[in-house]
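Asks:
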Ligand code: 5GP
Ligand code: ZN
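Residue numbers (our numbering): 17 to 158.
(1) I need the DSSP call for residue 155, collapsed to helix, strand or coil.
(2) Just to be sure I understand the criterion: a residue counts if its Cβ is closer than 7 Å to at least one heavy atom of the ligand 5GP. Which residues meet that?
(3) Indicate whether residue 101 and residue 118 have their beta-carbon atoms separated by less than 8 Å.
(4) Can you look up residue 36 in the DSSP assignment and give me helix, strand or coil?
(5) Using only CA atoms, which one of 33, 90, 36 and 125 lies nearest to residue 55?
(6) DSSP state of residue 114, grouped into three classes?
(7) Please report the straight-line C-alpha distance between residue 142 and residue 149, rounded to a whole angstrom.
(8) Name the residue from 153, 116 and 33 whose alpha carbon lies nearest to the alpha carbon of residue 73.
(9) Going by DSSP, what residue range makes up the alpha helix (DSSP H) through residue 49?
(10) Could you give the residue range of the beta strand (DSSP E) that holds residue 61?
(11) How far does the beta strand (DSSP E) with residue 98 in it reach, from first residue to last?
(12) Secondary structure at residue 85, three-state DSSP: helix, strand or coil?
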């Protein structure tokens, strides 16, 4: 259930302190030590699973249910009007701690935080080809 070398497992076990926000049998929420914005919180399953792909669906459900409630509380406390949910999966996606977690980032209009830039596909055929490739990959994963 826990990984001895995992920093978030140590937080779950109380071996490392955290600014705890919420917990139940399945999940724990606490403030990120280096917030993107004040109130930036992390929501984790208590059991160790490295990322989204390793996470049992029932824990995904527990995380999203808690994200709604904790997210509303974070927004209220931070005086925010919006919330970004982010999950980094894999080093190339910016994951540094390999215990699955959701980032809850409170947002206000004009807070200066930018989302990643979008660029259109070169043409409609390129978009259709990508959609077909994903559908085929999905089938082969079944
Ligand atoms: P990742 O890049 O893996 O999605 O995000 C890991 C997050 O964990 C970072 O935002 C980082 O600030 C946070 N973090 C890393 N170590 C600790 C810690 O010991 N305590 C807390 N509260 N947050 C941590
Ligand atoms: Zn862990």
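Using N, Cα and C, we set each Cβ at its ideal position, and we do this for glycine too.
Quick caveat, the model's predicted, so the values are computed rather than measured.
Replies: In short:
(1) helix
(2) 23, 27, 32, 34, 35, 46, 47, 48, 49, 50, 58, 104, 110, 111, 112, 113, 117 and 119
(3) yes
(4) strand
(5) 90
(6) coil
(7) 11 Å
(8) 116
(9) From DSSP, residue 49 is part of no alpha helix (DSSP H); its letter is neither H nor E.
(10) 57-61
(11) 98-102
(12) helix
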